[in-house]
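Visitor: The following block contains the structure, expressed as structure tokens.
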Amino acid sequence: MQEWPPTAQQLMRSRYTAHVRGDADHLFRTWHPSTRPADTDPEPGNEWTGLTVEAITAGSVQDDDGVVEYTAYYVSQDGEPNELHEVARFVRRARRWMYVGPADVV
1 MQEWPPTAQQ LMRSRYTAHV RGDADHLFRT WHPSTRPADT DPEPGNEWTG
51 LTVEAITAGS VQDDDGVVEY TAYYVSQDGE PNELHEVARF VRRARRWMYV
101 GPADVV
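Next up, the structure:
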């Protein structure tokens, strides 16, 4: 990735794309160190099929905090359609947006 996404929504979309492409490095770099797990590899075998942004609270180029509610759709290894719904919290530090986790994570 050449440029850091300027908004929380754009970072969330870039992270979705990283899941589609299996880009664990991007997921690691964009996950806040205070909540980042040791293994950020995407789940193998999932075929990501779509993304819907439900709501956005703050997270603009002027903000330092933001929340993005989204649903990501995928087909699991066993061929079952699934969805992942999250109200995700993002923070901006040193001019870079980072994924923190579900909005209830401090």
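Numbering (UniProt numbering), first residue to last: 1 to 106. Ideal placement from N, C-alpha and C gives every residue a C-beta, glycine not left out. This structure is a prediction, so every number in the text was calculated from the model and none was measured.
1. Looking at L27: is its Cβ nearer than 7 Å to the Cβ of T40?
2. Can you check DSSP and say which residues form a bridge with R93?
3. Which residues does DSSP list as the beta-bridge partners of V61?
4. Once the 5 residues before and after Q9 are set aside, which same chain residues still bring their CB inside 7 Å of it?
5. Considering only DSSP beta bridges, list what V75 is partnered with.
6. Leaving out the 5 sequence neighbours to the left and right, which residues in its chain are closer than 7 Å to H85 when beta-carbon positions are compared?
7. I'd like to check one pair, Y16 with G50: are the Cβ atoms closer than 7 Å?
8. In chain order, what residues of the same chain lie with their CB nearer than 8 Å to the CB of S14, ignoring the 5 residues before and after it?
9. With 16 other CB atoms within 10 Å as the buried threshold, where does V61 fall?
Guide: Judging by the given coordinates:
1. In this structure, L27 lies near T40, with their beta-carbon atoms less than 7 Å apart.
2. R93 pairs with R96.
3. Partner(s): none; V61 has no beta bridge.
4. These residues qualify, in order along the chain: V53, I56, G59 and V68.
5. Answer is E47 and P81.
6. If we look at H85 and ignore the five residues flanking it on each side, its Cβ neighbours are T71.
7. Contact annotation: G50 and Y16 have beta-carbon atoms that are not nearer than 7 Å.
8. So the qualifying residues of the chain are M1, P5, H26 and T30.
9. Here V61 is exposed: its Cβ has fewer than 16 other Cβ atoms, across all protein chains shown, within 10 Å.
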